[in-house]
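Going by my numbering, the sequence shown opens with residue 31, and the numbers climb by one from there.
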Amino acid sequence: MIGPEKIDNALYALHLILVRARFMAQHEEPSQVAKLLDYAEMLPRLIAAEEDMTEQYREYLQGVIESFPVCRYILEKFDEPSVPQKW
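Structure, rendered in structure tokens:
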């Protein structure tokens, strides 16, 4: 699970990764899209885990931006106190 204060941020971060993957599918190599989607694949499991995985989720997002520096904003959105009301 993700701590209740971060669940919206975690879902928003996953949403942003999928949006980025869609953009990449139109402009970049398929192998890069697949790599980003490999990261996205694990995130729902962290959200659904019985124990608190908030820190692990953040660390996983850190791995995303190490592989895809253009995605830095995704970690920033996770770290913000709240997410936009309409996304």
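Glycine residues also receive a C-beta, built at the ideal position from the N, C-alpha and C atoms.
Going by the CB atoms, is the gap between residue j and residue i shorter than 8 Å?
i	j	result
Met72	Val63	no
Met31	Ala70	no
Arg50	Leu66	yes
Val94	Asn39	no
Which class does residue i belong to by DSSP, given the choice of helix, strand or coil?
i	result
Met124	Only positions 31 to 117 of the chain appear in this structure, which leaves residue 124 out of reach.
Ser97	helix
Glu89	helix
Pro60	helix
Ala78	helix
So the candidates are the options; which of them puts its Cα closest to the Cα of residue i?
i	options	result
Leu76	Leu44, Ile104, Ser97 and His57	Leu44
Phe108	Pro99, Glu59, Glu85 and Phe98	Glu85
Leu91	Met83, Ile104 and Pro111	Ile104
Cys101	Leu48, Lys36, Leu41 and Gly33	Leu48
Ile37	Pro74, Glu96 and Phe98	Pro74
Glu58	Glu89, Phe98, Glu106 and Glu81	Phe98
With a threshold of 16 other CB atoms inside 10 Å of the CB of residue i, please say whether the residue is buried or exposed.
i	result
Arg52	exposed
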